[in-house]
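When you read off a place in the sequence shown, starting at 1, and then add 702, the result is the number in this note's numbering. The beta carbon of each residue, even a glycine, is placed where N, CA and C say it ideally should be. Here the structure comes first, spelled out in structure tokens, and everything after it is commentary.
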Amino acid sequence: PVVTEDTGGSKHLPQQSGFHFVDDLESASDAVTEIISDWASFSRQSRSVAVELFDSERNLRKILGLPPRPA
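Take a look at the structure:
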């Protein structure tokens with residue numbers, strides 16, 4: 703799970719991404735409390751987004767116009 707300042711990322715990631723975008727110390731504290739209360743769920747969300755959106759091979763294949771790697 704990630705707690706980070708909202709600099710626009712919230713517009714581009716799914717709402718249930720494991721990312722908590724915050725604007726101030728109070729919202730950061732609230733986000734940490736929420737994550738701790740359901741660590742397993744937020745961890746699964748974060749892992750899913752990391753695999754789907756931040757996988758370097760998958761993104762490079764998209765950039766180069768190559769088909770996805772077979773499963």
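query                                                                                                                     : result
Would you kindly report the start and end of the unbroken alpha helix (DSSP H) that includes F744?                        : 741–755
When you compare only the Cα positions, how much space is there between A752 and S758?                                    : 10 Å
Can you tell me where the alpha helix (DSSP H) with K764 in it begins and where it stops?                                 : 758–766
Could you check where the beta strand (DSSP E) with H722 kicks off and where it finishes?                                 : 721–724
My guess is that V734 and F721 are in contact by the Cβ rule of under 8 Å, so how many angstroms apart are they, rounded? : Between F721 and V734 the Cβ distance is about 13 Å, and since that is not below 8 Å, they are no contact.
In the DSSP assignment, the beta strand (DSSP E) including T779 goes from what residue to what residue?                   : Residue 779 falls outside the range modelled here, since the chain spans only 703 to 773, and no answer is possible.
From this set, Q747, T706, E707, which residue's C-alpha is nearest P716's C-alpha?                                       : Q747
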